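Undergrad:
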Amino acid sequence: MKRSLALLLLASLGAHAQAPKWPAITQQTKPWTRWWWEGSAVNKADLTHLLTEYQKAGLGGMEITTIYGVKGTESQFINFLSPKWMDMLSHTLTEAGRLGLGIDMAQASGWPFGGPWVTPADASKYVTYKTFEVKGGASLAEPVTFLQKPIANAVGHKVDLKQLSDPVATNKNLQTLALDQVRYEKLIPLQALIAYSDKGATEDLTSKVDAKGKLAWTAPAGSSWTLYALFQGGHGKQVERAGPGGEGDVIDHLSKTATDHYLAHFDKAFAGHNVKPIRAFFNDSYEVDDAQGEANWTPLMFSEFSRRRGYDLRQHLPALFGKATEDENQRVLTDYRETISELLLENYTKTWGAWAKTHDALIRNQAHGSPANILDLYAATDIPETEGENLTRIKFASSAAHVTGKPLTSAETATWENDHFLSKLSDVKKAIDRMLLGGVNHVFYHGTAYSPQAAKWPGWLFYAAVEFNPQNPFWTDFGKLNHYTARCQSFLQAGQPDNDVLLYLPQSDAYTRPGKVLLQHFDGIEHGFKGLPVEATSELLLAKGYGYDFISDKQVLGLKNEGAALATGGTSYQTLLVPDAHLMPLLTLEQLLRLATNGATILLQNQAPADVPGYGNLENRRVNFQKLVAQFKFKDGKDGVRQATVGKGRVLLGADVNTLLAQAGVKRETLVDEGLQFIRRRHAGGHTYFLANWGEKPVAAWVPLATAAKSAALYNPMTEQTGMASLRTTTQGMAEAYVQLAPGETCLLDTHEGAATGPAYPYMTLAAAPQPLSAPWELSFLSGGPELPAKQQVRELASWTTLAGEAGKKFSGTASYTTTFAMPQGAADGWLLDLGRVAQSARVQLNGQPVGTLLGPVYQVYLPKYQLKSTNTLTVTVSNLMANHISDLDRNHVDWKIFYNTNMPAKLKENRGADGLFTAEKWAPLESGLLGPVTLTPASVGAPVQ
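Per the working numbering, the sequence shown starts with residue 43, numbered consecutively.
1. State the start and end residues of the unbroken beta strand (DSSP E) segment that holds W736.
2. Assign P980 to buried or exposed, taking buried as 16 or more other Cβ atoms, counted over all protein chains shown, within 10 Å of its Cβ.
3. Could you give the first and the last residue of the continuous beta strand (DSSP E) run that contains M766?
4. Can you grab the Cα-Cα spacing for the pair K602 / D294, in whole Å?
5. Please work out which residues of its chain come closer than 6 angstroms, Cβ to Cβ, to T861, disregarding the five sequence neighbours upstream and downstream, and give them in chain order.
6. On the premise that Q673 lies in contact with L628, defined as a C-beta separation below 8 angstroms, what is that separation, rounded to the nearest angstrom?
7. Does the region 700-720 come into contact with the region 445-455, if we say contact requires no fewer than three beta-carbon pairs (one atom in each stretch) closer than 8 angstroms?
8. 8 angstroms is my cut-off, CB to CB: does Y171 come that close to chain B?
9. For A697, is the classification buried or exposed, using 16 other Cβ atoms within 10 angstroms of its Cβ as the cut-off for buried?
10. Extract the residue ranges of the alpha helix (DSSP H) inside the region 795-837, only unbroken runs of 4 or more that lie entirely within it.
11. Mark M147 as exposed unless 16 or more other C-beta atoms lie within 10 angstroms of its C-beta, in which case mark it buried.
12. Below 8 angstroms on the Cβ atoms is my guess for L479 versus S441; work out the distance and round it to an integer in Å.
13. Out of P65, H307, T187 and G198, point me to the one whose CA is closest to G254's CA.
14. At the level of alpha carbons, what is the spacing between G707 and G658?
15. Is L143 helix, strand or coil by DSSP?
16. Classify P426 as helix, strand or coil using the three-state DSSP reduction.
17. Is H133 helix, strand or coil by DSSP?
18. Can you tell which of D519, N648 and R663 has its C-alpha closest to the C-alpha of V654?
19. Does DSSP put L547 in a helix, in a strand, or in coil?
20. Leaving aside the five residues before and after W938 along the sequence, list all residues of the same chain whose C-beta is less than 7 angstroms from its C-beta, in chain order.
21. Would you tell me roughly how many angstroms separate the C-alpha atoms of L89 and G103, rounded to the nearest one?
22. Can you give me the Cβ contacts of G570 inside the same chain, cut-off strictly under 8 angstroms, excluding the 5 residues immediately before and after it?
23. Measure the C-alpha to C-alpha separation of T799 and R770 and round it to an integer number of angstroms.
24. State whether the region 426-436 contacts the region 352-372, with contact taken as three or more CB pairs (one from each stretch) at a distance under 8 angstroms.
25. Could you check the C-alpha separation between P128 and F308 for me, to the nearest Å?
26. Do you know how far the Cα of P125 is from the Cα of L131?
27. Please classify L189: is it buried, with 16 or more other beta-carbons within 10 angstroms of its beta-carbon, or exposed?
28. How would you call Y505, buried or exposed, if buried means at least 16 neighbouring beta carbons within 10 angstroms?
29. Where do the ends of the beta strand (DSSP E) carrying N603 lie?
30. Rounded to whole angstroms, what is the Cα-Cα separation between E762 and A313?
31. Go ahead and label E380 buried or exposed: buried means 16 or more other beta carbons lie within 10 angstroms of its beta carbon, across all protein chains shown.
32. Does the Cβ of A48 have 16 or more other Cβ atoms within 10 Å, making it buried, or fewer, making it exposed?
33. Between L959, L547, L703 and L534, which has its C-alpha nearest T71's C-alpha?
34. Only counting runs of 3 or more residues, tell me where the beta strand (DSSP E) segments fall wholly within the region 480-526, in order along the chain.
35. On the DSSP letters alone, give me the boundaries of the beta strand (DSSP E) that Y590 sits inside.
36. So R710 is in the beta strand (DSSP E); what residue range does that whole segment cover?
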């Protein structure tokens with residue numbers, strides 16, 4: 043009977059107590075993947091086959107996203123949401139259920155929401171304006187009309203607008219056209235005509251304009267008048283990367299009517315089908331405005347604005363377009379942007395979420411990039427989803443989940459991690475670790491293209507993907523990465539988030555900043571808040587080891603006192619920090635004062651907020667605002683911090699964030715000073731730390747913990763080793779845990795405030811110099827292509843692109859290296875096998891038994907002495923990347939780029955061919971295989987020295 047390496051190690055220590063147990067692995071703790079149905083050209087046999095392969099690889103579920111098709115398969119295309127498409131969906135749901143896989147579904151064929159059933163009335167809108175000068179006593183001779191300029195943009199080619207019928211959805215060849223944005227040259231409707239005199243008078247002239255644009259009005263004498271004419275046009279944005287039956291206009295996200303009409307089409311398609319197994323419907327980011335102009339208007343804008351802001355926007359059109367005083371410009375612009383944000387929240391996000399509930403489903407939403415407070419959009423989402431590489435960006439989605447009690451934060455992970463075919467599993471692991479450190483606990487790979495078994499290699503691919511599919515050589519070791527991720531997420535989906543600080547997001551300071559256009563799109567700190575103090579403060583908190591979540595004005599209103607703590611719908615925090623905000627809504631300041639009065643500590647970095655945002659009822663709000671600020675009776679304190687006692691609580695004001703937090707009693711995790719990164723969660727009786735070493739050197743150190751602990755279990759999610767961590771207490775009463783992490787390695791430290799016993803974690807100490815394995819290796823090529831190179835004996839390890847001649851240069855696949863060695867001399871507990879350099883992942887067998895799968899960047903595994911014999915056989919099975927085979931195809935001009943629409947553009951300009959698309963034709967062969975040097979180092983296993 044086989045025993046795992048972890049159990050063997052524990053047995054080698056003579057331990058008899060029960061080892062710490064991993065949490066259960068579930069469908070939800072496993073990683074999921076985005077699953078592109080290209081052209082929806084799927085069939086039941088291949089759906090079942092692929093789902094089975096995905097399940098065997100350790101995936102937990104798939105998110106179906108239908109996109110553009112593959113050339114040459116047009117007869118297999120299935121229109122999105124057609125009866126045949128629904129039949130394929132039903133089959134998928136049934137088979138996924140049988141295999142224990144979950145299914146989510148994108149709510150569009152491509153992104154954003156849109157399609158051929160979206161009428162011009164429901165499509166995204168923009169506003170534009172013209173001005174006219176009229177002297178007193180005169181009339182306007184010029185017609186009040188606006189001729190929309192034509193736009194016809196497509197992916198990869200030029201389009202003659204004259205050849206397109208109006209509306210777009212009536213055109214027959216939309217897959218070939220791959221339209222991105224279309225505006226027809228035509229007169230667009232007038233929304234308002236408002237006259238403003240140089241004496242301050244205004245007059246609404248909209249009703250005095252006839253169908254031909256003739257204005258029947260004579261300007262009153264004694265003044266000069268400027269007329270602002272607003273016109274509403276169709277933004278023309280098309281669904282990106284749409285598949286057959288999904289091409290068409292993007293919806294007006296600001297209109298509830300448009301959202302309702304859009305979703306009703308799904309109800310019609312779903313009728314008679316059981317779609318209950320769909321766990322969640324998905325929105326793949328906003329991306330309405332990655333086109334010319336912006337979708338900045340909706341037909342009910344004036345009435346919505348008046349109802350929400352308390353005044354008529356038509357009286358302040360010059361300010362909206364930056365033509366009034368600077369103060370009025372900023373205030374009206376802020377109100378406009380706030381209105382847009384609320385419309386996107388209520389008329390789109392919440393409306394969509396309510397619709398999903400009618401199908402017993404959740405919504406998964408990428409709010410980033412929206413012209414709105416994305417914390418509020420994420421908060422209205424069942425599973426907030428992020429993407430990217432910046433921790434502060436990632437934390438926007440997880441913050442909203444934490445503050446509002448959402449159990450999951452998902453992430454589109456490893457999107458275009460490198461250029462095509464260059465991403466290693468170790469690169470993907472680092473991308474996963476980054477997401478986990480940012481508060482994500484539900485990873486979605488980006489992604490996996492459905493590829494039928496009959497498709498010639500490299501099969502069906504997606505342009506911005508790492509290509510997590512069976513035709514990728516790393517698929518042999520992909521399961522190890524999935525198991526690692528599931529182990530991590532089994533902890534990070536348990537308990538509650540445990541950040542100490544709420545970091546106020548100064549949305550009003552961002553809204554008030556003018557730009558080249560009306561809208562402001564928000565995506566992390568970089569887009570929307572860059573240059574504001576919150577940028578530096580958020581980075582400082584990360585660097586210094588403070589756990590924090592962002593919080594919006596709306597979310598602040600939901601805070602409650604819990605003694606001195608601040609309780610949200612999801613967890614509690616020690617304090618709230620306002621990062622040098624200038625503007626703050628009156629209701630927010632009232633709430634902060636109320637919270638302080640009832641016992642909370644509120645921190646103001648550098649200054650108290652000075653003013654309210656917006657224009658409506660300004661003077662009254664300002665008076666009330668200043669009355670609140672006056673209640674802060676600050677007195678000088680120590681270290682430059684001033685304190686105002688407010689009821690049972692206090693408000694601290696100071697320039698240095700570290701000092702403010704220290705005086706608020708917030709402890710930082712000083713383990714970051716050791717080069718570690720962390721995220722912490724709370725559970726009954728203790729805490730869970732996810733620790734990562736992203737440095738270039740190994741960490742073997744006593745790590746201080748900011749939380750109380752009398753015992754701790756240590757889990758290595760890659761090796762699956764477990765045991766009780768060595769713990770000690772400093773003279774200051776702080777707990778320290780001993781941690782060993784190689785570069786790129788992570789661990790989970792599960793602490794308890796009470797004592798616990800169990801086998802000790804198998805810490806390893808190297809006892810002598812490494813000993814090289816110098817015997818020859820037998821190199822055998824097992825699978826891959828374009829052909830298998832011949833078997834050979836290798837005395838000195840090198841890339842198989844060198845060892846195996848021309849066949850090796852173009853080979854992508856898997857090869858095994860086998861050698862023998864004698865039992866090493868010495869009294870060690872075991873030996874550390876170090877493979878040296880590997881390109882790119884390796885499975886290790888000793889004497890026919892598996893001992894580990896190594897993904898990098900360090901390729902080491904411990905071999906206990908009792909696993910060794912007098913003579914031992916070592917087999918290392920290595921898989922490389924798709925790159926060398928692809929490069930061979932490109933050099934031979936084999937046409938594997940066979941996709942409609944974007945058809946494999948290059949991420950890096952140096953990989954761009956004459957046609958503008960990706961090419962690997964000029965690539966030198968990438969190193970592949972076991973490169974070494976391979977060594978054995980004697981090691982002892984036991985507790986570290988206290």
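All C-beta atoms, glycine included, are put in the ideal place defined by N, C-alpha and C. Just so it is clear, the structure is predicted and the values come from calculations on it, not from any experiment.
TA: On the basis of the coordinates in this document:
1. Here residue 736 corresponds to residue number 694 of the sequence shown, with the count starting at 1. Unbroken run through W736: none, as it is neither H nor E.
2. What you label residue 980 is simply residue 938 of the sequence shown in a count that begins at 1. With 16 or more other Cβ atoms inside 10 Å of its own Cβ, P980 counts as buried.
3. In the sequence shown, counting from the first residue as 1, residue 766 sits at position 724. Per DSSP, M766 belongs to the beta strand (DSSP E) from T764 to M766.
4. Within the sequence shown, numbered from 1, the residue matching residue 602 stands at position 560. Within the sequence shown, numbered from 1, the residue matching residue 294 stands at position 252. Their Cα atoms are separated by approximately 36 angstroms.
5. Counted from its first residue, the sequence shown places residue 861 at position 819. Contacts found: A817, W819 and L916.
6. Along the sequence shown, one-based indexing puts residue 628 at 586. Along the sequence shown, one-based indexing puts residue 673 at 631. A Cβ-Cβ separation of about 14 angstroms leaves L628 out of contact with Q673 under the 8 angstroms criterion.
7. no
8. Reference to chain B is not applicable here, since this structure consists of a single protein chain.
9. Here residue 697 corresponds to residue number 655 of the sequence shown, with the count starting at 1. A697 comes out exposed.
10. none
11. Within the sequence shown, numbered from 1, the residue matching residue 147 stands at position 105. M147 comes out buried.
12. As a working mapping, residue 479 is identified with position 437 in the sequence shown. As a working mapping, residue 441 is identified with position 399 in the sequence shown. Between S441 and L479 the Cβ distance is about 14 angstroms, and since that is not below 8 angstroms, they are no contact.
13. Numbered from 1 along the sequence shown, position 212 holds the residue referred to as residue 254. For clarity, residue 254 is Lys in the given sequence; the question names Gly instead. Minimum Cα distance to K254 is reached at T187.
14. As a first step, residue 707 is located in the sequence shown; it is residue number 665 there, counting from the start. As a first step, residue 658 is located in the sequence shown; it is residue number 616 there, counting from the start. So the two alpha carbons sit approximately 39 angstroms from each other.
15. If you number the sequence shown from 1, residue 143 lands on position 101. Three-state DSSP puts L143 in coil, outside helix and strand.
16. Looking up residue 426 in the sequence shown gives position 384. It is a strand residue.
17. Your numbering for residue 133 matches position 91 in the sequence shown. Of the three classes helix, strand and coil, the one that applies to H133 here is helix, per DSSP.
18. Numbered from its first residue, the sequence shown carries residue 654 at position 612. Taking only the C-alpha atoms, the option nearest V654 is R663.
19. Here the question's residue 547 lines up with position 505 in the sequence shown. In the structure shown, L547 sits in coil (DSSP, three-state: anything other than H, G, I, E or B).
20. Reading the sequence shown from its first residue, position 896 is the one you call residue 938. Cβ neighbours of W938 beyond the five flanking positions: P500 and L931.
21. Sequence index remark: in the sequence shown, residue 89 carries index 47 (1-based). Sequence index remark: in the sequence shown, residue 103 carries index 61 (1-based). Taking the straight line joining both Cα atoms gives about 13 angstroms.
22. As a position in the sequence shown, residue 570 is number 528, starting the count at 1. Once the five neighbours on either side are set aside, the close Cβ partners of G570 are A552, Q562, H563 and F564.
23. Within the sequence shown, the letter at position 757 stands for residue 799. Within the sequence shown, the letter at position 728 stands for residue 770. Approximately 15 angstroms, taken between the alpha carbons.
24. The region 426-436 vs the region 352-372: no contact.
25. Within the sequence shown, residue 128 is the residue found at index 86, counting from 1. Within the sequence shown, residue 308 is the residue found at index 266, counting from 1. A small correction: the amino acid at residue 128 is Met; Pro does not occupy that position in the sequence shown. Taking the straight line from one Cα to the other gives about 11 angstroms.
26. Counted from its first residue, the sequence shown places residue 131 at position 89. Counted from its first residue, the sequence shown places residue 125 at position 83. Roughly 10 angstroms between the two C-alpha positions.
27. For the purposes of this step, residue 189 is taken as residue 147 along the sequence shown, with counting starting at 1. Exposed, since its Cβ has fewer than 16 Cβ neighbours within 10 Å.
28. Translated into positions along the sequence shown, residue 505 becomes position 463. It counts as buried.
29. Taking the sequence shown and counting its residues from 1, one reaches residue 603 at position 561. Counting along the chain, the beta strand (DSSP E) containing N603 begins and ends at K602 to E604.
30. Sequence index remark: in the sequence shown, residue 762 carries index 720 (1-based). Sequence index remark: in the sequence shown, residue 313 carries index 271 (1-based). Cα to Cα, E762 sits roughly 47 angstroms from A313.
31. The residue labelled residue 380 in the question sits at position 338 within the sequence shown. With 16 or more other Cβ atoms within 10 Å, it is buried.
32. What you label residue 48 is simply residue 6 of the sequence shown in a count that begins at 1. Because the pLDDT of A48 is 36, which lies under 50, any placement of that residue in the model is unreliable, and the number read from its coordinates should be weighed accordingly. Buried is the call here.
33. For the purposes of this step, residue 71 is identified with residue 29 of the sequence shown, where counting begins at 1. It is L534.
34. 484-491
35. Start at 1 with the first residue of the sequence shown, and residue 590 comes out as number 548. Start and end: Y590 to I593.
36. Position 668 of the sequence shown holds residue 710. R710 -> no beta strand (DSSP E), and no H or E assigned at all.
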